[in-house]
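To start, the structure under review is shown below, and the notes come after it.
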Amino acid sequence: MAPVIEGDNLYLRKLVVSDLNRTWEWLHRRDIYSKIGVQVPFTKEQQFRWFGKLQNDDTKIVCAICRNIDQIHIGNVSLDMIDLRHRNARLSIFIANPAARGQGYGSEALTLQEQYAFFKLKLHKIWCKTDAGHPEVLHFYERLGYLQEGLLREHEVKDGQFVDKVILAKFEIAKVLERKSQESNSNASF
Ligand SMILES: CC(C)(COP(=O)(O)OP(=O)(O)OC[C@H]1O[C@@H](n2cnc3c(N)ncnc32)[C@H](O)[C@@H]1OP(=O)(O)O)[C@@H](O)C(=O)NCCC(=O)NCCS
Numbered sequence: 710m711a712p713v714i715e716g717d718n719l720y721l722r723k724l725v726v727s728d729l730n731r732t733w734e735w736l737h738r739r740d741i742y743s744k745i746g747v748q749v750p751f752t753k754e755q756q757f758r759w760f761g762k763l764q765n766d767d768t769k770i771v772c773a774i775c776r777n778i779d780q781i782h783i784g785n786v787s788l789d790m791i792d793l794r795h796r797n798a799r800l801s802i803f804i805a806n807p808a809a810r811g812q813g814y815g816s817e818a819l820t821l822q823e824q825y826a827f828f829k830l831k832l833h834k835i836w837c838k839t840d841a842g843h844p845e846v847l848h849f850y851e852r853l854g855y856l857q858e859g860l861l862r863e864h865e866v867k868d869g870q871f872v873d874k875v876i877l878a879k880f881e882i883a884k885v886l887e888r889k890s891q892e893s894n895s896n897a898s899f
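In terms of my numbering, the sequence shown opens at residue 710 and continues consecutively.
This is the structure:
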């Protein structure tokens, strides 16, 4: 399958049916579902139906993060709630193997997804929602230029407890936009 957004060490491509089994396994791991806020359990059949709907849903794009060196699929990054009128979308990301974290893959994948969001979709803003109690995740986003927009107190229930959620967001940068737009026209095509 042709890469669609290429970086130095990774590329992003759209999720395909053959990724579903491994994605199902990943999303049922506590270190992942508890961070990205996905509701588990769900069956493989339910996931298959979700994937079918995804093909005709312009408000969501789910990408496989793959390594250039061996094409191995190492995690997912997605945009959902894509709102072209207000030019914003919500972001979510995970690197599946804990041993592969902390090596720059998450940062590179997020940067590639931002290029698609800002330069292809022409979004103005991307945002995400994460637990206030995960400072390492807040740090991950903040070092990539995401700013905290607000705190939603006791907004969700996790393990029977209300937890605070932080909204983080990043805006397009107009000058970079012009330059990158020309580059991305040549290599990004979901
Ligand atoms: C958060 C996550 C996507 C970051 O990807 P990554 O490849 O580990 O991140 P990078 O190597 O590009 O960047 C590492 C930075 O993120 C921080 N970080 C956050 N979570 C980390 C983790 N589990 N392991 C290592 N570094 C982590 C580090 O502090 C580091 O910052 P520093 O270089 O200033 O010390 C990844 O750790 C992950 O998938 N975690 C589980 C799911 C998750 O939390 N998703 C985000 C939900 S909102």
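Beta carbons: idealized from backbone N, C-alpha and C, even for Gly.
None of these values were measured; they are calculated from a predicted model.
Residue i CB to nearest chain C CB: under 9 angstroms?
i	result
residue 748	Of the chains in the structure shown, none is chain C; there is only one protein chain.
Residue i by DSSP, collapsed to three states: which one?
i	result
residue 869	coil
residue 821	helix
residue 851	helix
residue 784	strand
residue 713	coil
residue 842	coil
residue 830	coil
residue 803	strand
residue 670	Residue 670 cannot be examined here, being either before or after the span of the chain that is shown, 710 to 899.
residue 725	coil
residue 789	strand
residue 776	strand
residue 882	coil
Considering only C-alpha positions, which residue in the set the options is nearest to residue i?
i	options	result
residue 882	869, 800, 855 and 864	855
residue 832	788, 739, 813 and 777	788
residue 901	797, 807, 825 and 872	The chain is shown only over 710 to 899; residue 901 falls outside these bounds and no answer can be derived.
residue 792	835, 750, 810 and 785	835
residue 869	743, 716 and 723	743
residue 751	734, 764 and 722	734
Pull up the distance between the alpha-carbon of residue i and that of residue j, whole angstroms please.
i	j	result
residue 864	residue 876	11 angstroms
residue 758	residue 880	33 angstroms
residue 755	residue 797	28 angstroms
residue 838	residue 778	32 angstroms
residue 737	residue 746	11 angstroms
residue 781	residue 775	5 angstroms
residue 829	residue 853	20 angstroms
residue 786	residue 867	23 angstroms
residue 844	residue 862	16 angstroms
residue 801	residue 760	17 angstroms
Decide if residue i is buried, meaning its Cβ has at least 16 other Cβ atoms within 10 Å, or exposed.
i	result
residue 732	buried
residue 874	buried
residue 730	exposed
residue 767	exposed
residue 808	exposed
residue 691	Since the first and last residues shown for the chain are 710 and 899, residue 691 lies out of range.
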